[in-house]
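Visitor: Here's a structure for you.
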Amino acid sequence: MLPIGNAAPDFELYSTPDQKLRISELNGKKVILAFYPADWSPVCSDQMSLYNEMSKYFVAHNAQLIGISVDSKWSHLAFAELHKFHFPLLADFEPKGEVARLYEAYDEGTGECQRALYVIDEKGIIRWNYLSPVGINPGADGILNSLEELDNVKIVMQ
Amino acid sequence: MKQLTVPVNGKDHVSGYPYAVIEMVEYGDYECPHCGRAYPIIKDIQEQLGSKLKFVFRNFPLSNIHPHSFSASIAAEAAALQHKFWEMHDIIFENQLTLEAGDLTTFAYRLGLNVQRFENDIQQKFLADRVEADFESGIRSGVNGTPTFFINGLKYEGEWIDRKLLQYLKGIIAQVPIL
Chain A
2 MLPIGNAAPD FELYSTPDQK LRISELNGKK VILAFYPADW SPVCSDQMSL YNEMSKYFVA
62 HNAQLIGISV DSKWSHLAFA ELHKFHFPLL ADFEPKGEVA RLYEAYDEGT GECQRALYVI
122 DEKGIIRWNY LSPVGINPGA DGILNSLEEL DNVKIVMQ
Chain B
139 MKQLTVPVNG KDHVSGYPYA VIEMVEYGDY ECPHCGRAYP IIKDIQEQLG SKLKFVFRNF
199 PLSNIHPHSF SASIAAEAAA LQHKFWEMHD IIFENQLTLE AGDLTTFAYR LGLNVQRFEN
259 DIQQKFLADR VEADFESGIR SGVNGTPTFF INGLKYEGEW IDRKLLQYLK GIIAQVPIL
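Protein chains in written order, with my numbering: chain A, 2 to 159; chain B, 139 to 317.
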């Protein structure tokens, strides 16, 4: 995992079959990066379905959730449609796992992303990170606490 | 270990003995098949443990994958206003595959509720707020799917099938000194 305080490395990946998303284009928003092993596996579906219910909370903190795995954009499309996801899934597909490696969230043994979470602030600085055991859905309490802490800090600083 | 951030309080729906040795809170989704499987297991546990168990149900609807779960939660909360929360909770879990608006009204009728009042109450914002408050308390407590159980304030990470939850609870009871 990249340490807290580091600048989040910029990258661009497919978010739909014909559109790419560049993370630096989200400047001005907090970004929640959720690396996960695979579309369709039960734990990931639960984790992403849980986050999918949290748009209201993320919006309130000016945060954009982004899911990333090594699955292809076509797999992501079907996975997102079935679960009615309201947030982008990025395909770290070619070169495989490049972004996950950049964020030190790649499992060389399985060739999948680890279950890693980052919260990045509006200026592109990593402010929170968490690596969950691969079979355990980390929930959303850590993300929410970190977003609240960031917003409180900002209020104090103003 | 993750903890229940909002302790059981007067707003909760409680079944069983209020001062029981075990306080178990379920965060559940009425349309979730796992919760449907857990439902008879909880019933069995309640029967086995009797006055040693206090059981609380809180709403955790995953509305995007379960489009009927939020309205089912509202129906149970509306039934609670007529003192029939657990009856509605049960009838919903026993009919998980038919949770359209008309079905919920039929349940209200079958439970002997004042249906006109029920249909008015399900429109009220304070019931939606209540369901959302349950959801939020779950998120903050680390609920990561349904059902999630908290036993005496701590998240239960074990399995609940095959009487594993019952055995776990019996283990807790065995450790409590007899006063």
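Note that CB positions come from ideal geometry on N, CA and C, so glycine has one too.
1) Find out if the Cβ-Cβ distance for the pair V159 (chain B), K190 (chain B) is shorter than 9 Å.
2) In the structure shown, what three-state DSSP assignment does Y131 (chain A) receive?
3) Is DSSP giving V220 (chain B) helix, strand or coil here?
4) Measuring CA to CA, which of B:I183, B:E215, B:K140, B:V144 is closest to L307 (chain B)?
5) Quick check on the DSSP output: the alpha helix (DSSP H) that includes R102 (chain A) runs from which residue to which?
6) Judging by CA-CA distance, which residue of B:R301, B:E274, B:N290 is the nearest neighbour of M55 (chain A)?
7) Are the C-beta atoms of S279 (chain B) and some chain A residue less than 9 Å apart?
8) So within the stretch 229 to 308 of chain B, which uninterrupted alpha helix (DSSP H) runs reach at least 4 residues, ignoring any that extend past its ends?
9) Our contact map puts N252 (chain B) next to D241 (chain B) with C-beta atoms below 8 Å; I'd like the distance itself, whole angstroms only.
10) Spatial neighbours of A64 (chain A) within its chain, please: CB distance less than 8 Å, with the 5 preceding and 5 following residues excluded, ordered by chain position.
11) Would you check if the distance between the CB atom of G279 (chain B) and the CB atom of D142 (chain A) is smaller than 9 Å?
12) Within its chain, find whatever has a CB closer than 6 Å to the CB of A246 (chain B); leave out the 5 residues flanking it on each side and keep chain order.
13) Identify the continuous beta strand (DSSP E) that holds L187 (chain B) and give its terminal residues.
14) Under 8 Å Cβ to Cβ from F264 (chain B), same chain only, skipping five residues before and after it: list those, please.
15) Between the C-alpha atoms of I310 (chain B) and L187 (chain B), what's the straight-line distance to the nearest angstrom?
16) In three-state DSSP terms, what is I24 (chain A)?
17) Is the separation between the beta-carbon of L51 (chain A) and that of G283 (chain B) shorter than 9 Å?
18) Compute the Euclidean distance between the alpha carbons of Q159 (chain A) and S25 (chain A), then round it to the nearest angstrom.
19) With H, G and I counted as helix, E and B as strand and the rest as coil, what does DSSP make of L200 (chain B)?
20) Pop quiz: I67 (chain A) and A35 (chain A) are said to be a contact at Cβ under 8 Å. What is the actual Cβ separation, rounded to whole angstroms?
21) With a cut-off of 9 Å, does the C-beta of L48 (chain A) fall near any C-beta of chain B?
Guide: Let me lay it out:
1) Yes. Within cutoff.
2) The three-state secondary structure of Y131 (chain A), taken from DSSP, is strand.
3) In the sequence as presented, Val is not what sits at residue 220 (chain B); that position holds Gln. Coil.
4) Per the C-alpha coordinates, the member of B:I183, B:E215, B:K140, B:V144 positioned closest to L307 (chain B) is B:I183.
5) In the DSSP annotation of this structure, the continuous segment of the alpha helix (DSSP H) that includes R102 (chain A) starts and ends at 99 to 103.
6) Here the closest residue by C-alpha is B:E274.
7) So yes, S279 (chain B) belongs to the interface.
8) Taking 4 residues as the shortest admissible run, the stretch 229 to 308 of chain B contains the following complete alpha helix (DSSP H) segments, listed from N- to C-terminal end: 239 to 248, 253 to 259, 263 to 278.
9) Between N252 (chain B) and D241 (chain B) a beta carbon distance of about 18 Å is seen, past the 8 Å cut, so the two are scored as non-contacting.
10) Counting only Cβ-Cβ distances below 8 Å, and skipping sequence neighbours, we find K30, K31, V32, I33, V120, L148.
11) Per the sequence shown, residue 279 (chain B) should be read as Ser rather than Gly. Contact flag set, yes.
12) If you ignore the 5 residues before and after A246 (chain B), its C-beta comes within less than 6 Å of the C-beta of V253, F256, all in its own chain and listed in chain order.
13) For L187 (chain B), no beta strand (DSSP E) segment is defined; the enclosing uninterrupted segment is the alpha helix (DSSP H) at 171 to 187.
14) Cβ neighbours of F264 (chain B) beyond the five flanking positions: none.
15) Distance between the alpha carbons of I310 (chain B) and L187 (chain B): 11 Å.
16) Assignment of I24 (chain A) by DSSP, reduced to helix, strand and coil, places it in the helix class.
17) Contact flag set, yes.
18) Because the pLDDT of Q159 (chain A) is 48, which lies under 50, any placement of that residue in the model is unreliable, and the number read from its coordinates should be weighed accordingly. Going from the Cα of Q159 (chain A) to the Cα of S25 (chain A) covers about 24 Å.
19) Residue state, collapsed to three classes: coil.
20) Between I67 (chain A) and A35 (chain A) a beta carbon distance of about 7 Å is seen, short of the 8 Å cut, so the two are scored as contacting.
21) Looking at the sequence shown, residue 48 (chain A) is not Leu but Gln. By this cut-off, Q48 (chain A) is an interface position.
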